[in-house]
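Undergrad: Residue numbers (our numbering): 427 to 802. Using N, Cα and C, we set each Cβ at its ideal position, and we do this for glycine too.
1. Can you round the beta-carbon distance between residue 805 and residue 710 to whole angstroms, since I take them to be within the 8 Å contact cut?
2. Counting C-beta neighbours from all protein chains within 10 Å, is the total for residue 397 16 or more, i.e. buried, or is it exposed?
3. Roughly how many whole angstroms lie between the Cα atoms of residue 782 and residue 771?
4. When the distance is taken between beta carbons, is residue 592 closer than 9 Å to residue 609?
5. With a floor of 3 residues, list each beta strand (DSSP E) that falls wholly inside the segment 653-717, ordered by position along the chain.
6. What's the C-alpha gap between residue 596 and residue 466?
7. Using 9 Å as the threshold, is the C-beta distance between residue 488 and residue 525 below it?
8. For residue 429, write down the residues that DSSP places opposite it in a beta bridge.
9. Can you have a look at residue 628 and say buried or exposed, based on whether 16 or more other CB atoms are within 10 angstroms of its CB?
10. When you compare only the Cα positions, how much space is there between residue 766 and residue 665?
11. Would you report the Cα separation of residue 728 and residue 533, rounded to the nearest angstrom?
12. Between which residues of its own chain and residue 622 is the CB-CB distance below 6 Å, once the five residues before and five after are set aside?
13. Look at residue 704 and residue 659 and say whether their C-beta atoms are less than 9 Å apart.
14. Out of 764, 522 and 717, state which residue places its alpha-carbon closest to the alpha-carbon of residue 742.
15. If you run the structure through DSSP and keep just helix, strand and coil, what is residue 435?
16. Using a 10 Å radius around the Cβ and a threshold of 16 neighbouring Cβ atoms, would you call residue 750 buried or exposed?
17. Pick from 731, 479, 441 and 768: whose alpha carbon is nearest that of residue 647?
18. Using only alpha-carbon positions, find the residue among 547, 583 and 472 that is nearest to residue 556.
19. Identify the continuous alpha helix (DSSP H) that holds residue 646 and give its terminal residues.
20. Going by beta-carbon coordinates alone, are residue 453 and residue 490 separated by less than 9 Å?
21. According to the neighbour-count rule (16 or more other Cβ atoms, all chains shown, within 10 Å of its Cβ), is residue 688 buried or exposed?
22. Nearest-angstrom Cα distance between residue 564 and residue 459?
23. Rounded to the nearest angstrom, what separates residue 507 and residue 693 at their Cα positions?
Given below as structure tokens:
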């Protein structure tokens, strides 16, 4: 059975829904950004949409929910939508339960947080202390200190910890869900000395989906920059895990920011640093699909083009160029099918490859084969 990826139009914010072969649902981030009082706001009604997805899949809970990091554009409204075991005030019939909560270690040890970030941190801490229903990504020294302060140890909670270079337990391409998640980030070394940068401590995974013996790959990241991405490439190659970087689907890092490619934006196109270039140009599979979870790409010379915040036209021009020789697709969540009426982008990962489901744009019905890398 195929798997499905759905990317929601939320402006510069991330929420990705994965529907596995057995209809279990995995959610990466939750950012309810829409202003319901503004009729002109074209961002999706995320709570209602996700409840519809749960009903369609016949599920009462998410098998896993990952908060890649605790920035608002990845967690907004979570404290109002989900059931939280640590707080009876956040337990009611209209809230959605999380079977397994995934967070980076920084989400456990970070201090000075409030709102949704505080609620997620408290839930992750509660589950970690109880020893159930949580996966902590990476193992920094600060996490060991937190456990020790609560009479626990890394060893006693090893079943709750997933390091970079490991598969997330409980998922297999040989089981009914027909999928697995390989962890690329965060690295243990990055958080040992502190938590200064949420973005660079965020979760990055490669998802493999298998349909009748044929594998498809999605590289799913958050807001990391080119330095962290280069370190992922170097580390993965050093360990002989190049296949863990192949991708048919790429969800762009940091909403199509040039900083995920290079320290230099460029005038009309961002030129990536060498390790990032190798990842995007050599390890992409034929007829790949790149998704930018962002506002529309600015027009050259416009006011948005001068805004330092992503999306950046120069970065988008690079991505559009690299797909030309492989019949790939570049899609922007707030532009698909149009800026006037953006709708979720739904991709099917099947034995025929990866393609856009035809519920949004009938002209692209059917899957597109993507069975080999372009180079390397």
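TA: Reading it off the structure:
1. Nothing about residue 805 can be read from this structure; the chain reaches only from 427 to 802.
2. Examination of residue 397 is not possible in this model, given that the chain is present from 427 through 802 alone.
3. 7 Å
4. yes
5. 673-677
6. 42 Å
7. Between residue 488 and residue 525, the C-beta gap is smaller than 9 Å, which places the two residues in contact.
8. Assignment of beta-bridge partners to residue 429 by DSSP yields 775.
9. A residue is called buried when at least 16 other Cβ atoms come within 10 angstroms of its Cβ; residue 628 meets this threshold and is buried.
10. The alpha-carbon atoms of residue 766 and residue 665 are separated by roughly 46 Å.
11. 37 Å
12. Here the model assigns residue 622 a pLDDT of 33, short of 50, so the residue's position is not dependable and the matter cannot be decided.
13. Yes.
14. For the options 764, 522 and 717, the alpha carbon positioned closest to that of residue 742 is the one of 717.
15. Coil at residue 435, not helix or strand.
16. exposed
17. It is 441 whose Cα lies nearest to the Cα of residue 647.
18. 583
19. Run containing residue 646: none in the alpha helix (DSSP H); it sits in the beta strand (DSSP E), 640-646.
20. For residue 453 and residue 490, yes; Cβs fall inside 9 Å.
21. buried
22. 29 Å
23. 42 Å
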